[in-house]
Amino acid sequence: KKSPYATLITSRGCPFQCTYCSKSVFGRRYRSMSPQRVISEIKSVVDTYGIKEIHFYDDDFTMDMKRAETICDLLIQERIGITWSCTTRVDLVNKSLLKTMKKAGCWLISYGVETADPDILKSIKKGYTTNNIKDAFSWTKHAGIRTVAFLMAGLPGETTKTLKNTVDFSLKLKPDFASWGVT
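Shown next, in the form of structure tokens:
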């Protein structure tokens, strides 16, 4: 959206057990920078390189929702004035956090939807339901933040019918962007 653009990783690890995911880089144990350290890193790239936008490449930026909210509060308080985007899970957001994220400059969130089939969601151990997905997309849009839906075709148990249902479901979600992966 804005240039110059940078990426930051402020946390590592994801404790969830999605069957298709590789934990070989950061592992399952979640560890993160303090909100103050994140703000210091942001200020550094803004001051040194004139960065106007950041994408947070954390596996789940809102894994610790209180930490994410504090980062947002500090971005607002210190008037850093960047725009930013992130990736997270649909079960790691709520209306209040999304409103604060928008106020702090968040313009885009990418969510792993994967499939609309409850049995496949269960078999890949996503740990959430299609209702969680619908809520997160609704709340995110209501907050004024754009969305990306990551979707998968060909998961174990996939049929022509389940794939069609996922396509239909994704159209009803009305993401701003959809990214399909063939598994």
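Just so you know, the sequence shown maps onto residues 10 to 192 in the working numbering.
Beta carbons are placed, not taken as given, at the ideal position from N, Cα and C, and that holds for glycine.
Here the structure is a predicted model, which is why all the values come from computation and not from measurement.
Neighbourhood of residue i by C-beta, 8 Å cutoff - its chain only, sequence neighbours within 5 removed
i: residue 68; result: 20, 21, 22, 23, 35, 96
i: residue 218; result: No answer is possible for residue 218: the residues shown for the chain start at 10 and end at 192.
i: residue 112; result: 81, 85
Cβ neighbours of residue i in the same chain (closer than 7 Å, five flanking residues each side left out)
i: residue 179; result: 122, 158, 160, 187
i: residue 107; result: 148, 149, 152, 154
i: residue 166; result: 128, 129, 132
Neighbour-count burial assignment, residue i, 16 or more Cβ in a 10 Å radius
i: residue 98; result: buried
i: residue 191; result: exposed
i: residue 169; result: exposed
i: residue 58; result: exposed
i: residue 131; result: exposed
i: residue 126; result: buried
i: residue 135; result: buried
i: residue 53; result: exposed
i: residue 93; result: buried
i: residue 16; result: exposed
i: residue 119; result: buried
Cβ separation of residue i and residue j, assumed to be a contact under 8 Å, to the nearest whole Å
i: residue 156; j: residue 184; result: 5 Å
i: residue 80; j: residue 114; result: Between residue 114 and residue 80 the Cβ distance is about 11 Å, and since that is not below 8 Å, they are no contact.
i: residue 82; j: residue 41; result: In fact, because the Cβ distance is near 16 Å, the residues do not count as touching under 8 Å.
i: residue 27; j: residue 133; result: 6 Å
i: residue 141; j: residue 100; result: 5 Å
Cβ of residue i within 8 Å of any chain B Cβ
i: residue 183; result: Among the chains in the structure shown there is no chain B, since it carries only a single protein chain.
Beta-carbon contacts of residue i that lie in its chain and below 6 Å, excluding the five residues immediately before and after
i: residue 43; result: none
i: residue 171; result: 126
* Which ranges does the beta strand (DSSP E) cover as unbroken runs of at least 3 residues, wholly within the stretch 125-182, from first to last along the chain? -> 155-162
Practice task
Inspect the CB distances between the stretch 71-78 and the stretch 133-151 and report whether three or more fall short of 8 Å.
Solution key: no
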